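**Student:** So that we are looking at the same thing, I have put the structure below in structure tokens.
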Amino acid sequence: ARDGEVAVNALEIVGVCLFIAGLLGETVADRQLKNFVRERDNRGLVCEVGLWNYSRHPNYFFESVIWLGLGTFALGSPGGAWALISTGILITLITQVTGVPYAEKQSIKSKGDLYRAYQATTSAFVPWFKKLT
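In structure tokens:
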């Protein structure tokens with residue numbers, strides 16, 4: 044770049060795009076769940092509205108996309124590999140230790156067989172089409 048110009052590399056562009064996509068997705072998922080829970084008629088039911096029809100935890104998936112975007116953005120910087128390694132650790136914690144496992148236990152506890160049926164047909168993390176039963 045010439046003096047006074049800022050050079051932007053492809054990793055930074057991809058990182059920003061992932062961050063924005065993750066932020067939008069998490070916002071939509073959170074709003075859909077909030078609206079579902081707000082309705083009294085939905086008490087005790089499983090949210091299968093919007094993104095929740097394709098993933099049992101779209102909020103955690105898109106949060107992970109946010110972190111992946113940040114890690115990708117930093118990858119081109121000195122020591123940037125550490126950002127991506129940290130991202131991997133965070134995503135592992137969300138999917139294997141804190142977020143998903145805890146939410147699954149709570150949902151089975153509160154919704155029982157309805158949630159087990161949802162588990163049988165719906166991806167745990169990555170939004171995907173329903174499994175046929």
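Sequential numbering from 44 applies to the sequence shown in this note's numbering. For glycine and all other residues, C-beta sits at the position ideal for the given N, C-alpha and C. All of these numbers come straight from a predicted model, not from anything done at the bench.
Please work out which residues of its chain come closer than 7 Å, Cβ to Cβ, to Gly87, disregarding the five sequence neighbours upstream and downstream, and give them in chain order.
**Tutor:** So the qualifying residues of the chain are Lys154.
**Student:** Can you tell me where the alpha helix (DSSP H) with Gln162 in it begins and where it stops?
**Tutor:** First-last of the alpha helix (DSSP H) with Gln162: 156-164.
**Student:** When we look at the beta-carbon of Val108 and count the other beta-carbons within 10 Å, is it buried (16 or more) or exposed?
**Tutor:** By the 10 Å Cβ count, Val108 comes out buried.
**Student:** Would you mind stating whether Leu61 and Leu111 have Cβ atoms separated by less than 7 Å?
**Tutor:** Yes. Within cutoff.
**Student:** Would you give the residue range spanned by the alpha helix (DSSP H) that Thr115 belongs to?
**Tutor:** Taken as a continuous stretch (DSSP letters only), the alpha helix (DSSP H) holding Thr115 covers 101-117.
**Student:** Does DSSP put Thr70 in a helix, a strand or coil?
**Tutor:** Helix, per DSSP.
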